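Residue numbers (my numbering): 341 to 635.
Every residue, glycine too, gets a C-beta built ideally from N, C-alpha and C.
If you're wondering where the values come from, they're calculated on a predicted model, not measured in any experiment.
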């Protein structure tokens with residue numbers, strides 16, 4: 341696949357999607373349900389909303405077999421990504437899982453370089469590393485999990501990061517397909533994958549649980565993935581990778597506003613580093629890399 345040229349409208353879609361993404365953890369916790377059931381309802385409600393709107397707008401586009409293949413690959417990896425990440429929270433805690441999960445921009449750049457033969461953006465790499473360092477400072481590394489639980493959480497976080505990178509690359513292959521059609525069909529695939537495994541006790545759910553699950557399906561899937569996939573189709577891989585770091589910034593703001601978390605100096609410094617890394621990349625700042633003279 342040739343290197344994609346950026347199209348207008350990608351940056352604001354990615355930023356909006358990351359703003360929504362940063363609130364997902366709160367809704368998952370609020371639902372009080374196991375990861376399998378949360379993902380099942382997210383697919384069910386999100387898919388119904390996406391395909392319903394697409395049908396009303398008469399926006400369906402015929403797909404080739406190759407496009408269907410990329411859509412299925414992206415759908416399977418997306419659903420498995422959600423399961424792995426939500427499970428990682430339970431093993432290592434949200435802080436550690438968040439740090440590990442944000443290796444996904446690096447996976448994305450490496451896979452793009454290897455699979456699509458695009459040059460690795462070494463000049464922009466320092467800004468990604470800076471943003472990742474900021475994430476580590478924001479979340480902190482204190483947690484009671486040790487031993488097997490910690491290793492399981494780290495492993496699941498890495499798996500989720502890799503799966504997300506594959507989802508991103510697969511979606512970028514579907515340039516001519518409406519984002520709502522891509523995400524909606526992937527949600528249908530998710531429902532089919534999880535229906536035999538999920539055991540939701542829907543009859544015992546309270547209002548708060550249903551509200552959280554509906555928000556995860558309608559807002560964090562229906563709205564967010566329309567924005568996110570629209571951004572994937574318009575942005576370069578480097579911009580996608582860098583703007584992904586907005587997510588942990590929003591997550592820490594939610595912690596402060598909702599859970600009363602008090603930020604320390606290191607967390608404030610971490611937020612500044614993330615912002616610097618994102619802004620520097622979006623403005624095209626490059627650090628000169630000296631090469632040893634030949635001869």
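query                                                                                                               : result
Residue 602 CB to nearest heavy atom of the ligand FAD below 7 Å                                                    : Looking for the ligand FAD in the displayed structure turns up nothing, as the structure carries no ligands at all.
Beta-carbon proximity list for residue 579, same chain, < 8 Å, skipping 5 on both sides                             : 346, 350, 351, 354, 621 and 622
Delimiting residues of the alpha helix (DSSP H) encompassing residue 434                                            : 405 to 441
Beta carbon of residue 524 nearer than 8 Å to that of residue 382                                                   : no
Backbone CA spacing between residue 608 and residue 615 [nearest angstrom]                                          : 11 Å
Separation of residue 537 from residue 289, as counted between CA atoms                                             : One cannot answer for residue 289 here, as it falls past the ends of the chain, which runs 341 to 635.
Segment contact, 8 Å Cβ cut-off, at least three pairs: the region 497 to 517 with the region 364 to 375             : no
Residue environment, residue 529, which counts as buried when at least 16 other CB atoms sit within 10 Å            : buried
Cβ neighbour criterion (16 or more within 10 Å) applied to residue 440                                              : buried
Where the alpha helix (DSSP H) containing residue 545 begins and where it ends                                      : Counting along the chain, residue 545 falls outside any alpha helix (DSSP H), and DSSP gives it neither H nor E.
6 Å CB neighbourhood of residue 380 in its chain, flanking five on each side removed                                : 534 and 538
Residue range of the alpha helix (DSSP H) that includes residue 376                                                 : 375 to 396
Sequence-distant residues of the same chain with beta carbon closer than 7 Å to residue 505, five excluded per side : 444, 447, 448 and 451
Touching by the beta-carbon criterion (3+ pairs, under 8 Å), the region 404 to 411 and the region 508 to 522        : yes
Rounded distance between the beta-carbons of residue 599 and residue 475, thought under 8 Å                         : No, residue 475 and residue 599 are not in contact; Cβ-Cβ is about 18 Å, not under 8 Å.
Exposed unless 16 or more other CB atoms sit within 10 angstroms - verdict on residue 491                           : exposed
Presumed contact (8 Å Cβ cut-off) between residue 643 and residue 366, rounded CB distance                          : The requested residue 643 is not part of the displayed model; the chain covers only 341 to 635.
Run of the alpha helix (DSSP H) containing residue 363, from where it starts to where it stops                      : No alpha helix (DSSP H) holds residue 363; DSSP gives it neither H nor E.
DSSP three-state assignment for residue 353, whether helix, strand or coil                                          : helix
Backbone CA spacing between residue 494 and residue 458 [nearest angstrom]                                          : 29 Å
Same chain, Cβ closer than 7 Å to residue 437, neighbours up to 5 away in sequence not counted                      : 425, 428, 429, 493 and 497
Residue 561 - containing alpha helix (DSSP H), residue span                                                         : Residue 561 -> no alpha helix (DSSP H), and no H or E assigned at all.
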